[in-house]
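Numbering (our numbering), first residue to last: 897 to 984.
Ideal placement from N, C-alpha and C gives every residue a C-beta, glycine not left out.
For clarity, every value in this text was computed on a predicted model and none was experimentally measured.
A short write-up of the structure that comes next.
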Amino acid sequence: MDPQGRLTKPTYNFGRVVERLPVILAGPVRDDRAAAEPQLQRRLTPVEVETLVQERADGQTIATLVRQFGVHRTTVMAHLRRIGLPHE
């Protein structure tokens, strides 16, 4: 049993939603995604991945590699993880 009545009376809850539907549909439509810039994906070439790995092995920080290669930090860490280098 659901003490809040959410699951015990599904037709009642559905009816309440249906009653409110005209109000919901009459409201303004917000689409924040339309205002956002499209995400650009930067894929590293095999040579860039080799350079990234070598520079990390030489002691470069993750933050430096992120700025240098123009990719997200998780991308840098994923490349390092695949090679087997410490990524933290």
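Contacts around residue i, its chain only, beta-carbon distance under 7 Å, and the 5 residues preceding and following it disregarded
i, result
"Gly-993", "Missing from the structure shown is residue 993; the chain here goes from 897 to 984 and no further."
"Arg-952", "Leu-961, Leu-976 and Leu-981"
"Ile-979", "Val-949"
"Thr-957", "none"
"Val-925", "none"
Beta carbon of residue i nearer than 7 Å to that of residue j
i, j, result
"Val-972", "Val-962", "yes"
Cβ-based neighbour list, residue i, same chain, cut-off 8 Å, excluding 5 preceding and 5 following
i, result
"His-975", "Leu-940, Val-945, Leu-948 and Val-949"
"His-968", "Val-962"
- Message: Report the start-end ranges of each alpha helix (DSSP H) in the stretch 929 to 979 that is 4 residues or longer and not cut off at the edges.
- Response: 942 to 953, 958 to 965 and 969 to 979
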